[in-house]
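*Asks:*
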Amino acid sequence: AQSVAQPEDQVNVAEGNPLTVKCTYSVSGNPYLFWYVQYPNRGLQFLLKYITGDNLVKGSYGFEAEFNKSQTSFHLKKPSALVSDSALYFCAVRDEDSSYKLIFGSGTRLLVRP
Amino acid sequence: DTGVSQNPRHKITKRGQNVTFRCDPISEHNRLYWYRQTLGQGPEFLTYFQNEAQLEKSRLLSDRFSAERPKGSFSTLEIQRTEQGDSAMYLCASSSGAAEFFGPGTRLTVL
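Listed in order, the protein sequences are those of chains A and B. Heads up: the first sequence begins at 149 in our numbering, then just goes up one per residue. Heads up: the second sequence begins at 3 in our numbering, then just goes up one per residue.
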């Protein structure tokens with residue numbers, strides 16, 4: 149069965165410091181991996197995706213993520229956090245060999261303090 | 003605005019009433035998805051359309067739920083005989099390939 153785990157409910161970081169939001173996944177076939185961000189009372193905004201190719205994926209707003217097949221991880225990173233990055237972040241996976249649906253993690257709240 | 007749009011944005015209804023939500027996807031996208039999100043959780047998949055064909059449905063989609071995409075453009079999600087447990091944010095997303103783009107959602111409150 150497909151699943152996504154985001155082990156941290158909340159991540160706190162000071163503005164200007166690097167941030168990491170963790171994600172691990174489980175699929176039986178080839179994973180398509182995604183990160184989305186959600187601001188209060190808003191839908192989800194697409195940040196980046198990994199389909200194939202380079203393990204380091206760059207996305208919107210300076211975010212990047214690294215696909216690690218052996219550790220089945222897809223951690224989201226940013227070299228220098230901004231207060232405006234404070235939001236809810238969701239990791240998602242699709243098993244492209246068996247399903248059209250995205251399976252989401254439970255979300256990690258990122259709080260960037262000034 | 004060329005993004006995914008959803009109407010209404012908010013819906014308050016009494017238990018037992020029927021409600022219908024509409025989603026207008028990005029115009030060139032042939033894939034359309036419905037998800038449900040409850041407070042503190044990630045979105046859960048409900049159903050998927052490719053053009054007008056409904057290709058996948060979640061077990062979450064009980065017989066009180068029905069979705070259509072009659073001409074492969076907009077989609078509707080209807081909930082009959084609403085229950086308090088149906089209270090959630092209903093998200094629509096569209097795609098032409100690998101990544102889904104989400105609308106702002108319809109927040110349903112069942113009293």
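Where is the CB? At the ideal position from N, CA and C, for every residue including glycine.
Could you tell me the distance, in whole angstroms, from the CA atom of F182(A) to the CA atom of V241(A)?
*Replies:* If I take the Cα positions, the gap works out to 6 Å.
*Asks:* Using the Cα positions of V6(B) and A95(B), report the straight-line distance between them to the nearest angstrom.
*Replies:* Distance between the alpha carbons of V6(B) and A95(B): 7 Å.
*Asks:* Using a C-beta cutoff of 8 Å, does A101(B) count as contacting chain A?
*Replies:* So, interface residue.
*Asks:* Residues of chain B with CB under 8 Å from S247(A), in chain order?
*Replies:* E58, listed in chain order.
*Asks:* Rounding to the nearest angstrom, what Cα-Cα distance links K59(B) and S174(A) in this structure?
*Replies:* Answer to the nearest angstrom: the Cα atoms are 21 Å apart.
*Asks:* Using a Cβ cut-off of 8 Å, pull out every chain A residue sitting near Y50(B), in sequence order please.
*Replies:* Those within 8 Å of Y50(B) in chain A are Y248, K249.
*Asks:* Is L93(B) close to chain A? Criterion is C-beta to C-beta, closer than 8 Å.
*Replies:* Cβ-Cβ to chain A under 8 Å: yes for L93(B).
*Asks:* Over what stretch of residues does the beta strand (DSSP E) that includes P179(A) continue unbroken?
*Replies:* Per DSSP, P179(A) belongs to the beta strand (DSSP E) from 179–186.
*Asks:* Please list the partners that P106(B) has in chain A, where partner means a Cβ-to-Cβ separation under 9 Å.
*Replies:* Neighbours of P106(B) on chain A, chain order: N189, R190, G191.
*Asks:* Using beta carbons (cut-off 8 Å, strictly below), is P45(B) in contact with chain A?
*Replies:* Yes, because at least one Cβ of chain A sits closer than 8 Å to the Cβ of P45(B).
*Asks:* So, is L48(B) buried or exposed, given that buried needs 16 or more other C-beta atoms within 10 angstroms?
*Replies:* The residue in question, L48(B), is buried, as its Cβ has 16 or more Cβ neighbours within 10 Å.
*Asks:* Note down the Cα distance separating T15(B) from N189(A), rounded to an integer number of angstroms.
*Replies:* Distance between the alpha carbons of T15(B) and N189(A) is about 19 Å.
*Asks:* Identify which residue in F211(A), K217(A), S234(A), D202(A) has its Cα closest to the Cα of N160(A).
*Replies:* If we check each option's Cα against that of N160(A), S234(A) comes out closest.
*Asks:* Since I believe S97(B) is in contact with H31(B) (beta carbons under 8 Å), could you give me their beta-carbon distance rounded to a whole number of angstroms?
*Replies:* Indeed, because the Cβ distance is near 6 Å, the residues count as touching under 8 Å.
*Asks:* Measuring only the C-alpha atoms, how far is A229(A) from G255(A)?
*Replies:* If I take the Cα positions, the gap works out to 18 Å.
*Asks:* Go through its chain and collect everything with a Cβ distance to E156(A)'s Cβ below 8 Å, but skip five positions before and after it.
*Replies:* Correct list, in chain order: V169, K170, T256.
*Asks:* Please report the straight-line C-alpha distance between E80(B) and Y187(A), rounded to a whole angstrom.
*Replies:* Those two C-alpha atoms are separated by around 26 Å.
*Asks:* According to DSSP, what are the bridge partners of Q55(B)?
*Replies:* According to the sequence provided, residue 55(B) is Ala. The question's Gln does not apply to it. Note: A55(B) sits in a beta bridge opposite Q52(B).
*Asks:* Taking the CB atoms as reference points, tell me whether R71(B) and F51(B) lie closer together than 8 Å.
*Replies:* Against a cut-off of 8 Å, the Cβ pair of F51(B) and R71(B) comes out as a contact.
*Asks:* If the criterion is Cβ atoms closer than 8 Å, does the pair R33(B) and E46(B) meet it?
*Replies:* No, Cβ-Cβ distance for R33(B) and E46(B) is not below 8 Å.
*Asks:* Kindly indicate which three-state DSSP category D245(A) falls into: helix, strand or coil?
*Replies:* In the structure shown, D245(A) sits in coil (DSSP, three-state: anything other than H, G, I, E or B).
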